[in-house]
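Colleague: Residue numbers (the UniProt record's numbering): 1 to 34.
C-beta: ideal position from N, C-alpha, C; glycine also.
Since the structure is predicted, the reported quantities are computational estimates derived from the model, not experimental observations.
Here you go, one structure.
And the structure:
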């Protein structure tokens, strides 16, 4: 859910949405997203 909200936030700001785990509070490395 946090990832979706961050995506929508970036869209509203006119940005090209990019997932960054740290932006949603995930501090550990996520190999599947790299």
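Let me know the secondary structure DSSP gives residue 20 once reduced to three states.
Modeller: Residue numbering aside, residue 20 sits at position 20 when the chain shown is read from its first letter. Residue 20: coil per DSSP, three-state reduction.
Colleague: What are the boundary residues of the alpha helix (DSSP H) that residue 5 is part of?
Modeller: Translated into positions along the chain shown, residue 5 becomes position 5. 2-12 is the extent of the alpha helix (DSSP H) around residue 5.
Colleague: Going straight from the alpha carbon of residue 28 to that of residue 2, what length do you get?
Modeller: Position 28 of the chain shown, counted from the first residue, corresponds to residue 28. Position 2 of the chain shown, counted from the first residue, corresponds to residue 2. Distance between the alpha carbons of residue 28 and residue 2: 15 Å.
Colleague: Who are the Cβ neighbours of residue 23 in its own chain at under 7 Å, not counting the five residues just before and after it?
Modeller: As a position in the chain shown, residue 23 is number 23, starting the count at 1. Excluding the 5 residues flanking it on each side, residue 23 has same chain C-beta neighbours closer than 7 Å at 6, in chain order.
Colleague: Leaving aside the five residues before and after residue 13 along the sequence, list all residues of the same chain whose C-beta is less than 6 Å from its C-beta, in chain order.
Modeller: Residue 13 sits at position 13 when you count from the first residue of the chain shown. Nothing listed; no residue qualifies.
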